[in-house]
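Right, one structure below, let's go through it.
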Amino acid sequence: MGISIRKNRTGLRGEYSVPGDKSISHRAVMLGALSEGTTHISGFLNGADCTSTISCFRSMGVDIVYDGGTDVTVHGVGVHGLRAPADTLDCGNSGTTTRIISGLLSGQPFAARLTGDASIQKRPMKRIIEPLCLMGADIRSERDNGCAPLCISPARLKGISYMSPVASAQVKSCLLMAAMYAEGTTTVYEPVLSRNHTELMLKALGADITSGTDEETGRSYAALTPGHTLHSCDINVPGDISSAAYLIGAALIVPGSDILIKNVGVNPTRDGIIKVFKQMGGRIELMDTRTEAGETVADIHVQSSGLTGCDISGGIIPTLIDELPLIAVVAAHASGTTVIRDAAELKVKESDRIALVSANLKSMHADITATGDGFIINPSGDPLPLHGTVIEDAYDHRIAMSFAVAGLAAEGDTEIVHPECVSVSYPGFFEDLLTDK
Ligand code: S3P
40 MGISIRKNRT GLRGEYSVPG DKSISHRAVM LGALSEGTTH ISGFLNGADC TSTISCFRSM
100 GVDIVYDGGT DVTVHGVGVH GLRAPADTLD CGNSGTTTRI ISGLLSGQPF AARLTGDASI
160 QKRPMKRIIE PLCLMGADIR SERDNGCAPL CISPARLKGI SYMSPVASAQ VKSCLLMAAM
220 YAEGTTTVYE PVLSRNHTEL MLKALGADIT SGTDEETGRS YAALTPGHTL HSCDINVPGD
280 ISSAAYLIGA ALIVPGSDIL IKNVGVNPTR DGIIKVFKQM GGRIELMDTR TEAGETVADI
340 HVQSSGLTGC DISGGIIPTL IDELPLIAVV AAHASGTTVI RDAAELKVKE SDRIALVSAN
400 LKSMHADITA TGDGFIINPS GDPLPLHGTV IEDAYDHRIA MSFAVAGLAA EGDTEIVHPE
460 CVSVSYPGFF EDLLTDK
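Using the numbering used here, you'd call the opening residue of the sequence shown number 40 and step up by one each time.
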C-alpha cells in the first residue's frame, strides 16, 4: 500500500539517528568473513541489501550470528576458507553485493552462480567482467548480455594494472577482492577517487594495500599485494550519510526546521552532499567531528535555509552520486539555476535516475530538463511551490525517499506508491521523516 505525504507546516525538530552505513556494513561482513578470528560488528544496517550479503556468505560456509538487529558476529574463515555454495547466490537488489562478491568468487577453487532481482539483472556487469577476465578470471554473463546471472569458475589469477573508465567503488572493490587471490600486485586506477571504505578496512585488518594519487597522471589508485592474513577487529559502523541526506534535505526546505543527526559517517569520499548544500546556502554545522577506525564521524546540525542554485560536476560527483536525486529535489526549492553534469552513472543505478527524477519533478510542476549526464533545474515560481502528485518510484529506494522529502514541501498530497522499497537501505525512513523526535 502506498504512503501519502502531506505538507509539513511546522518544521522538523529534534535529535535523530540514522541506520548504519550501507557500504561499510557490506564490507564489514565480507572482510570479517575473510579474516582469522571473530568480528563483532555494531551499528550494522539491518536493510535488505546488507542481509543479502550475510546470506551469500552463510551459503559459502561462514558462521554469522545475526538475528535482525544492529549487532552481527562473523566467525571468520580466513582468505582461503570459503566453501562452495550449494545453490545460486541471491544478491537481491544489491549491486554492491553482486559486484564485490564476483571479484571474490573469481579467486575461489569452486564454481558459483550469482544473480539478483529484476533490477540487478539489468545492471551493467561488463565493467567488472572485462577487468576480471584481464586478471585471468573465468566469469561469464549467462545470457551473454553483460548482466547477471553470472557464472564464475575456478581460474588462476594474475595481478594487473587497471585504469577503470568509471569512478566506481564497486568496480575498485571487486578487483581488490580478486587481487587477494592473484599472483603479484593489482593496481586499480580511477578517474577520480570513489568511496574508499574497502581500502580503509583492508588496511585496518592488516592487508598489504597502498592508496594515493599517481604523481604523473593525477589519478587515484589502490594497490594490493596478496599473501597477508587478515586479522579480525571489531567494527563500529557509523550512521549512513546517504540516509542522513534525506533528513538534511527535508530540514533545509521545510521552514521552521532545526534538527541534530547524531553519529553520521562523513568520510571525505562521501561528504559531497554537505559541501554542495553549504554552497547553496544551507545552514549545516558539523559537530564533535572524530575518527573511528579510519572513518570520520560527526553530528550534523541543520536549520531550514534560503537556498541558491549551484553548478555540480567533476570530481565531486562520486562523493554524492547516491544523493543526486535528493539534490535535484532540493534544487527545485532554490532561487537560482542548478546544473548537474558528469553524472551519466545515474542512468545505471537501481533505476534510470535521470529519467525518473526529471519525470517526477516535472509532474510536481518543477522546471527541470534532463540532459545526457545530469539535469538543469530552474526556479519554478515564487515562492517555488511544488505540487503533490503520484510518484513513479520504480521500486527504487532513493527515488521514493527523495520524493517523500519533496512531498513535505509541496502543496497537496504526494503519493509514494511502493514505500516498502526503502527497506534496502533505510528501514524506518517514513517514521523518521514524518514524526518529530
Ligand atoms: C557503493 C558504490 C556506489 C554507490 C552504491 C554503493 C559501494 O556505486 O552508488 O550505492 O558500496 O561501493 P558505484 O561504485 O557503482 O558508483
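Here a beta-carbon is modelled for each residue, glycine too, at the ideal position from N, C-alpha and C.
1) Is arginine 392 near the ligand S3P - that is, is its Cβ less than 7 Å away from at least one heavy atom of it?
2) Pick out the complete alpha helix (DSSP H) segments inside the segment 227–276, 4 residues or longer, and give them in chain order.
3) How big is the Cα-Cα spacing for threonine 308 and isoleucine 438?
4) Assess, as a yes-or-no matter, whether the segment 79–89 is touched by the segment 312–325 under the definition of 3 or more beta carbon pairs within less than 8 Å.
5) Going by other Cβ atoms of all chains shown within 10 Å of its Cβ, with 16 needed for buried, is serine 74 buried or exposed?
6) Could you check what DSSP says for histidine 436 in three-state terms: helix, strand or coil?
7) Per DSSP, valine 429 forms a beta bridge with which residues?
8) In this structure, does DSSP put cysteine 190 in helix, strand or coil?
9) DSSP state of serine 64, grouped into three classes?
10) With respect to 7 Å, is the separation between the Cβ of serine 62 and the closest non-hydrogen atom of the ligand S3P below this value?
11) Reducing DSSP to helix, strand and coil, say where arginine 152 ends up.
12) Can you tell me whether serine 141 sits near the ligand S3P, meaning its C-beta is under 7 Å from at least one heavy atom of the ligand?
13) Which two residues bound the contiguous alpha helix (DSSP H) that contains leucine 395?
14) Excluding the 5 residues preceding and the 5 following glycine 175 in the sequence, name in chain order all residues of the same chain whose CB lies nearer than 6 Å to its CB.
15) Would you grab the beta carbon distance between leucine 400 and valine 369 for me? Rounded to a whole angstrom, and I think it's under 8 Å.
16) Please confirm if the segment 330–346 is in contact with the segment 249–263, defined as three or more CB-CB distances below 8 Å between the two stretches.
17) Within 8 Å (strictly less), CB to CB, does isoleucine 355 reach chain D?
18) Between which two residues does the alpha helix (DSSP H) carrying aspartate 406 extend?
19) Using the C-alpha atoms, what's the distance from serine 462 back to serine 64?
20) Taking 8 Å as the threshold (C-beta atoms), are tyrosine 465 and leucine 286 in contact?
21) How close, in whole Å, do the beta carbons of alanine 217 and glycine 142 come, if the pair is a contact with beta carbons under 8 Å?
22) Indicate the three-state DSSP secondary structure (helix, strand or coil) for threonine 330 in the structure shown.
23) Can you name, in chain order, every residue of its own chain whose Cβ lies under 6 Å from the Cβ of isoleucine 355, other than the five neighbours on each side?
24) By alpha-carbon positions, which one of Ile339, Leu84 and Pro124 ends up nearest to tyrosine 105?
25) Using the C-alpha atoms, what's the distance from arginine 234 back to glycine 451?
26) Does the ligand S3P have a heavy atom nearer than 7 Å to the CB of alanine 208?
27) So, with DSSP's three-state summary, where would you put serine 93?
28) Is aspartate 361 close to the ligand S3P? I mean its beta-carbon at under 7 Å from any heavy atom of the ligand.
29) Taking buried to mean at least 16 other C-beta atoms within 10 Å of its own C-beta, is aspartate 88 buried or exposed?
30) Where do the N-terminal and C-terminal ends of the beta strand (DSSP E) with leucine 299 fall, by residue?
31) Compute the Euclidean distance between the alpha carbons of valine 336 and aspartate 279, then round it to the nearest angstrom.
32) Output yes or no for whether 8 Å exceeds the beta carbon distance between leucine 425 and alanine 398.
33) One question on the structure: do serine 352 and arginine 392 come within less than 8 Å of each other, judged by their Cβ atoms?
34) Relative to the alpha-carbon of alanine 433, which residue among His457, Met440, Ile415 and Ser419 has its alpha-carbon at the smallest distance?
35) Relative to the C-alpha of valine 444, which candidate in Gly411, Asp338 and Ala289 has its C-alpha closest?
36) Can you give, in chain order, each stretch of the beta strand (DSSP E) that sits fully within the segment 108–166 and has at least 3 residues?
Taking the definition as stated:
1) For the purposes of this step, residue 392 is taken as residue 353 along the sequence shown, with counting starting at 1. Not so, every heavy atom of the ligand S3P lies at least 7 Å from the Cβ.
2) Within the segment 227–276, the runs of alpha helix (DSSP H) that reach at least 4 residues and sit entirely inside it are, in chain order, 236–244.
3) On the sequence shown, position 269 is the one that residue 308 refers to. On the sequence shown, position 399 is the one that residue 438 refers to. Isoleucine 438 has its alpha-carbon roughly 22 Å from the corresponding atom of threonine 308.
4) Judged by Cβ distances under 8 Å, the segment 312–325 makes no contact with the segment 79–89, as fewer than three pairs qualify.
5) As a position in the sequence shown, residue 74 is number 35, starting the count at 1. By the C-beta density criterion, serine 74 is buried, having at least 16 other C-beta atoms within 10 angstroms.
6) Mapped onto the sequence shown, residue 436 falls at position 397. It is helical.
7) Along the sequence shown, one-based indexing puts residue 429 at 390. Valine 429 is bridged by DSSP to Glu454.
8) Counting from 1 along the sequence shown, the entry for residue 190 is found at position 151. Cysteine 190 falls in the strand class under three-state DSSP.
9) Stepping through the sequence shown from its first residue, residue 64 is reached at position 25. The three-state reading of DSSP puts serine 64 in helix, counting H, G and I together.
10) Within the sequence shown, residue 62 is the residue found at index 23, counting from 1. Checking the 7 Å criterion, the Cβ of serine 62 is within range of a heavy atom belonging to the ligand S3P.
11) As a first step, residue 152 is located in the sequence shown; it is residue number 113 there, counting from the start. Three-state result, arginine 152: strand.
12) As a working mapping, residue 141 is identified with position 102 in the sequence shown. Not so, every heavy atom of the ligand S3P lies at least 7 Å from the Cβ.
13) Walking along the sequence shown from the start, residue 395 turns up at place 356. Segment 392–402, the alpha helix (DSSP H) holding leucine 395.
14) Counting from one through the sequence shown, the residue named residue 175 turns up at place 136. Take glycine 175, set aside five residues on each side of it, and the residues of its chain with a beta-carbon closer than 6 Å to its own are Ala194, Arg195, Leu196 and Lys197, in chain order.
15) One-based indexing of the sequence shown puts residue 400 at position 361. One-based indexing of the sequence shown puts residue 369 at position 330. So it is not a contact: roughly 11 Å between Cβ atoms.
16) Not touching, per the Cβ criterion.
17) Among the protein chains of the structure shown there is no chain D, as only one such chain exists.
18) Taking the sequence shown and counting its residues from 1, the one referred to as residue 406 is at position 367. Membership of aspartate 406 in any alpha helix (DSSP H) is not indicated; the residue belongs instead to the beta strand (DSSP E) covering 406–410.
19) Here residue 64 refers to the residue found at position 25 when the sequence shown is read from its first residue. Here residue 462 refers to the residue found at position 423 when the sequence shown is read from its first residue. Answer to the nearest angstrom: the Cα atoms are 15 Å apart.
20) By 1-based counting over the sequence shown, the position of residue 286 is 247. By 1-based counting over the sequence shown, the position of residue 465 is 426. Taking 8 Å as the Cβ cut-off, leucine 286 and tyrosine 465 do not qualify as a contacting pair.
21) Position 178 of the sequence shown, counted from the first residue, corresponds to residue 217. Position 103 of the sequence shown, counted from the first residue, corresponds to residue 142. 4 Å between Cβ atoms; contact.
22) For the purposes of this step, residue 330 is identified with residue 291 of the sequence shown, where counting begins at 1. Here threonine 330 sits in strand by DSSP.
23) Locating residue 355 in the sequence shown gives position 316, counting from the first residue. Result list for isoleucine 355: Gly311, in chain order.
24) Taking the sequence shown and counting its residues from 1, the one referred to as residue 105 is at position 66. Answer by Cα proximity: Leu84.
25) The residue labelled residue 451 in the question sits at position 412 within the sequence shown. The residue labelled residue 234 in the question sits at position 195 within the sequence shown. One Cα belongs to glycine 451, the other to arginine 234, and the distance between them is close to 38 Å.
26) The residue labelled residue 208 in the question sits at position 169 within the sequence shown. Yes, the Cβ of alanine 208 comes within 7 Å of a heavy atom of the ligand S3P.
27) Taking the sequence shown and counting its residues from 1, one reaches residue 93 at position 54. In the sequence as displayed, the identity of residue 93 is isoleucine instead of serine. If DSSP states are grouped into helix, strand and coil, isoleucine 93 belongs with the helices.
28) The residue given as residue 361 occupies position 322 in the sequence shown. The beta carbon of aspartate 361 sits closer than 7 Å to at least one heavy atom of the ligand S3P.
29) For the purposes of this step, residue 88 is identified with residue 49 of the sequence shown, where counting begins at 1. So aspartate 88 ends up on the buried side.
30) On the sequence shown, position 260 is the one that residue 299 refers to. Leucine 299 -> beta strand (DSSP E) spans 297–304.
31) As a working note, residue 336 is residue 297 in the sequence shown. As a working note, residue 279 is residue 240 in the sequence shown. If I take the Cα positions, the gap works out to 10 Å.
32) Taking the sequence shown and counting its residues from 1, one reaches residue 425 at position 386. Taking the sequence shown and counting its residues from 1, one reaches residue 398 at position 359. No.
33) Counting from one through the sequence shown, the residue named residue 352 turns up at place 313. Counting from one through the sequence shown, the residue named residue 392 turns up at place 353. No, Cβ-Cβ distance for serine 352 and arginine 392 is not below 8 Å.
34) Working through the sequence shown from its first residue, we reach residue 433 at position 394. By alpha-carbon distance to alanine 433, the top candidate from His457, Met440, Ile415 and Ser419 is His457.
35) Along the sequence shown, one-based indexing puts residue 444 at 405. It is Ala289 whose Cα lies nearest to the Cα of valine 444.
36) Unbroken beta strand (DSSP E) runs of no fewer than 3 residues, entirely contained in the segment 108–166, are found at 111–114 and 151–154, following chain order.
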